[in-house]
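> Be aware that the sequence shown starts at 1, since it is given in the numbering used here, and climbs by one per residue.
No residue lacks a Cβ here, since even glycine has one placed at the ideal position from N, Cα and C.
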Amino acid sequence: AKLNAAFELSGDAAEDGKSLFPILYKAFVEKDMSLLEVNPLIVMKDGHLRVLDAKVSFDGNALFRHPDMMELRDETEEDEKEIEASKHDLAYIALDGDIGCMVNGAGLAMATMDIIKLYGAEPANFLDVGGGATKEKVTEAFKIITSDPQVKGILVNIFGGIMRCDVIAEGVVSAVKEVGLKVPLVVRLEGTNVEKGKEIINNSGLDVIAADNLKDGAQKIVKAVKG
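1) Do V43 and G85 have their beta-carbon atoms positioned less than 9 Å apart in this structure?
2) If you compare alpha carbons, which of R73, V29, I201 and E195 is closest to L185?
3) Tell me, which residues are paired with M102 by DSSP?
4) On the three-state DSSP scale, how would you describe F142?
5) On a Cα-Cα basis, can you pick out the residue from G60, L41 and R65 that is closest to A54?
6) Let's test the definition: count the other Cβ atoms within 10 Å of the Cβ of Y92 and tell me whether it reaches 16, buried, or not, exposed.
7) Sort out for me which residues DSSP pairs K55 with in a bridge.
8) From R164 to S57, what does the alpha carbon distance come to, in whole angstroms?
9) Using 9 Å as the threshold, is the C-beta distance between L214 and V173 below it?
10) Going by DSSP, what residue range makes up the beta strand (DSSP E) through D128?
11) Taking the continuous beta strand (DSSP E) assigned at V187, which residues delimit it?
12) Please classify L49: is it buried, with 16 or more other beta-carbons within 10 angstroms of its beta-carbon, or exposed?
13) Rank L127, D74, L90 and D89 by C-alpha distance to the C-alpha of K99 and give the top, closest one.
14) Only counting the same chain, and skipping five residues up and downstream in sequence, which positions put a Cβ closer than 7 Å to that of V225?
15) Is the distance from the Cβ of L90 to the Cβ of K137 below 9 Å?
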């Protein structure tokens, strides 16, 4: 009734709304959707409602509950990097910028992307390696970033609590030695085992730019990429 009033529906259209809107809400909840967009929803000349098009997105973390939805999945329509990241339990979202980011923690990852933008560049991705990442997981994360041809520089920003800085350092060194490093790399480490992590990177022989804090790291990677 509230939606009918909001849309100023009456007559047959209002009656259609009474059945349509609850169905849409039920589908949204029961199928664990993150988006259900009906556009356009029109009133026909005969006074009835018609849904002409709709778009839906599902919560990827809940798909195990919906094998019927999984059967409809077409991975050719998805970003290959995001598919690969999901195989390694990495929170990765591809973006349109040229600064690759590897961070631990969603909040810190968003802050890192914001400060990159503040200093005049655009992030190429959101990537949260999580709190319990292994050396192998970090290596895979780095490989995913470097597989993106639009990445012109990489910022690794780690504040180690549960996530140890030495594990991050070992993963970065391992990945660089495996896939090579063709773009500037800035690493900011802070927290658990930070000195050991810095030692691993310093002794690796890699051309890595060290940063003292997030601001310093963002400024250095933007300068390295933009000049």
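Once the coordinates are examined:
1) Rather than Gly, the amino acid found at residue 85 in this sequence is Ala. Contact flag unset, no.
2) The alpha carbon of L185 has as its nearest neighbour, out of R73, V29, I201 and E195, the alpha carbon of I201.
3) V156
4) helix
5) Nearest of G60, L41 and R65 to A54, Cα basis: L41.
6) Classification of Y92: buried, given that the 10 Å Cβ count is 16 or more.
7) E37
8) 35 Å
9) Taking 9 Å as the Cβ cut-off, L214 and V173 do not qualify as a contacting pair.
10) Here the beta strand (DSSP E) through D128 covers N125 to D128.
11) L185 to G191
12) Buried, since its Cβ has 16 or more Cβ neighbours within 10 Å.
13) According to the sequence provided, residue 99 is Ile. The question's Lys does not apply to it. Comparing alpha-carbon positions, the option among L127, D74, L90 and D89 lying closest to I99 turns out to be L127.
14) D98, I99, A121, K152, G153 and P184
15) yes
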